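Anchor point for the sequence shown: position 62 equals 62 in UniProt numbering, and the numbering is continuous, going up by one each time.
Using N, Cα and C, we set each Cβ at its ideal position, and we do this for glycine too.
All values derive from a computational prediction rather than experimental measurement.
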Amino acid sequence: MSLRVFNGKQNNTQHKLEQNDMNPPEGTIALNNYLQLKDKAASLSWQDTSSGPAHAPEWESVCKIDGVVIASGRGTHKHLARDVAATEALAILQAQDAA
Numbered sequence: 001m002s003l004r005v006f007n008g009k010q011n012n013t014q015h016k017l018e019q020n021d022m023n024p025p026e027g028t029i030a031l032n033n034y035l036q037l038k039d040k041a042a043s044l045s046w047q048d049t050s051s052g053p054a055h056a057p058e059w060e061s062v063c064k065i066d067g068v069v070i071a072s073g074r075g076t077h078k079h080l081a082r083d084v085a086a087t088e089a090l091a092i093l094q095a096q097d098a099a
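Structure follows, in structure tokens:
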């Protein structure tokens, strides 16, 4: 990431947008870590679709474990939609473990 300088001033708006867009997908990482501990990392699959105009798509990601739909999520970027779905899937899987 780089800060752009105009007339001797930093353009922090662009930096903040780049920084927010580059945050690691915490839900996706947590789900992957959980599945690795259960020796089921290879069972994770995604079905991603986009809709809307090409300049502003809406993504929907469906999280599947062993081919079974567990959760879905929506976002303005594919990684954001996956992160929402992964967070929901992890909560469902952990609740099943606790039962």
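Proximal residues to residue i (C-beta, below 6 Å), its chain only, five neighbours per side dropped
i: Gly27; result: Asp83, Ala86 and Thr87
DSSP state of residue i mapped onto helix, strand, coil
i: Asp66; result: coil
i: Ala85; result: helix
i: Gly52; result: coil
i: Ala99; result: coil
Residue i classed as buried or exposed, judged by whether at least 16 other C-beta atoms fall within 10 angstroms
i: Leu37; result: exposed
i: Ser61; result: buried
i: Ala99; result: exposed
i: Gly52; result: exposed
i: Ala81; result: buried
Check: residue i C-beta below 7 Å from any heavy atom of the ligand MG
i: Ile70; result: No copy of the ligand MG appears in this structure; indeed no ligand is present at all.
Beta-carbon proximity list for residue i, same chain, < 8 Å, skipping 5 on both sides
i: Leu35; result: Ala41, Ser43, Leu44 and Ile65
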